[in-house]
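Take a look at the structure below.
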Amino acid sequence: MKKNVLLYVLLVFLIVVNVFFLFNYLGNSDDTENRDRPKGPISFIVKELDFNDEQMLQLEKLNRKHHHRMMRIDDDIKQLKDALFNKLSDVSLNENSIDSITDLIAERVKEKDIEAFYHFKDIQDLCNDQQKEKFKSIINDALHKGGRNEQRPHLRNGGRGHRPPPPRH
Numbered sequence: 010m011k012k013n014v015l016l017y018v019l020l021v022f023l024i025v026v027n028v029f030f031l032f033n034y035l036g037n038s039d040d041t042e043n044r045d046r047p048k049g050p051i052s053f054i055v056k057e058l059d060f061n062d063e064q065m066l067q068l069e070k071l072n073r074k075h076h077h078r079m080m081r082i083d084d085d086i087k088q089l090k091d092a093l094f095n096k097l098s099d100v101s102l103n104e105n106s107i108d109s110i111t112d113l114i115a116e117r118v119k120e121k122d123i124e125a126f127y128h129f130k131d132i133q134d135l136c137n138d139q140q141k142e143k144f145k146s147i148i149n150d151a152l153h154k155g156g157r158n159e160q161r162p163h164l165r166n167g168g169r170g171h172r173p174p175p176p177r178h
């Protein structure tokens, strides 16, 4: 009988501790401070630039449009890559067809880079003069560091990186 009482007390203790854990770590996600701020990579820029409420509203609109455009482009790229790699099972390869698909992929990647550029330009346009200087610094740091604090690995073949051998004809 004493063993059962001890097990019940231990069970109640564990339940209370679990409820406490769940409430404190999972239940606090809707703080008023975090609810109004964007999530993801843009949150760093918002925090650093200290956007006001009007700038935040405009940024949210920009981000929604940008996200939809990027998703559309990503879907196009995925479909084109699927079409390209479906050609692996073809008995005879048509080089012109492969070149056409890879050219279309390159156009979509270019479109994606242009979209990202203009998105950052639109964010910069939201900034006041002081924020613009800070934004320029953030973008330059990201471009020069590549988003990493580590240095690029040394390449043994004269800095060209690894390239696959040319196709055989």
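Quick note: to get my numbering, add 9 to the position in the sequence shown (first position is 1). Just so it is clear, CB atoms sit at the ideal spot from N, CA and C, and this is done for glycine as well.
Helix, strand or coil, according to DSSP, for D62 in the structure here?
helix
Let's test the definition: count the other Cβ atoms within 10 Å of the Cβ of F60 and tell me whether it reaches 16, buried, or not, exposed.
buried
Short Cβ contact (7 angstroms threshold) for E120 with I82:
yes
Taking Cβ positions only, does N27 come closer than 7 angstroms to chain D?
You won't find chain D in this structure, because it holds only one protein chain.
Backbone CA spacing between L113 and D131 [nearest angstrom]
27 angstroms
Whose C-beta lies closer than 6 angstroms to the C-beta of H128 among residues of the same chain, with five residues either side of it excluded?
H75
Considering only their Cβ atoms, is the gap separating C136 from F126 smaller than 7 angstroms?
no
Measuring CA to CA, which of K96, K90, Q133 is closest to E116?
K90
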